[in-house]
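Visitor: Going by my numbering, the sequence shown opens with residue 876, and the numbers climb by one from there.
Every residue, glycine too, gets a C-beta built ideally from N, C-alpha and C.
Sharing a structure with you now.
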Amino acid sequence: MNQLNASGLNIILTGFMGTGKSTVGTILAECLGRTCLDTDLLIEQKTGLTIAQIFEKYGEEHFRDEESRILLNLNKYPPGSLVVSTGGGIVLRAKNRNYLRPNGLIVLLTASPRAIQGRINKLSGRPLFQEIKTGEDITKMLARRRECYHDCDYIVDTTGKSCRQVAREIMLKLGLK
Ligand code: S3P
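Written out as structure tokens, the structure reads:
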């Protein structure tokens, strides 16, 4: 992948549940003096409901519509001022991927199914938790989503790394300090 000039571009973190997007996003934003936006949090603030409640009351498609609407607000911020942590399924819609692409550098965080499983307790509040209880479930969902995730500019494997290490690695890759 070509080295892109990252300083004037938003950083958009994508990836499966449990790859550390939210924590890495917070650290990155702090280090780079940028604003951190977390799409899940923005949806919860906007609706006054947890993600699990939205899934339960209105279903997944409604939640996906909320995600698409949240993305439209990104261009209200100056380019290069944001680190955006996205929900793990935001890239499933081609429309969302097409919207994200010109709005920043997309950094995909990955982790092995085993590592994701090891972090799984932290995921138990997720509505899709029931679908990813075993390593095999995770492998299958990752395979189904692979193409959507790999529509990105950079890939950083988080397996065996702390969120701070991952944030440092992203800054190095992007030539940002
Ligand atoms: C989802 C991931 C979650 C959240 C929702 C759906 C997914 O975000 O948006 O539960 O489809 O992968 P995290 O990736 O932050 O867990």
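1) Here's the rule: buried if 16 or more other CB atoms are within 10 angstroms of the residue's CB, otherwise exposed. What is Arg1039?
2) Less than 8 Å between the CB of Arg972 and some heavy atom of the ligand S3P, yes or no?
3) Return the first residue and the last residue of the beta strand (DSSP E) that Cys911 is part of.
4) Can you tell me whether Ser999 sits near the ligand S3P, meaning its C-beta is under 8 Å from at least one heavy atom of the ligand?
5) Please classify Gln992 as buried or exposed, where buried requires at least 16 other C-beta atoms within 10 Å of its C-beta.
6) Go ahead and pull the three-state DSSP assignment for Asp1026.
7) Just the Cα atoms here: how many angstroms apart are Ala990 and Thr1034?
8) Work out the CA separation of Arg909 and Phe1004 for me, nearest whole Å.
Guide: Well, looking at it:
1) Exposed, by the Cβ-count rule.
2) Result no, Cβ not under 8 Å from the ligand S3P.
3) Element bounds for Cys911: 910 to 913.
4) Every heavy atom of the ligand S3P is 8 Å or more from the Cβ of Ser999, so no.
5) Note on Gln992: 16 or more other CB atoms within 10 angstroms of its CB, so buried under the neighbour-count rule.
6) Of the three classes helix, strand and coil, the one that applies to Asp1026 here is coil, per DSSP.
7) Roughly 6 Å separates the two Cα atoms.
8) One C-alpha to the other measures close to 31 Å.
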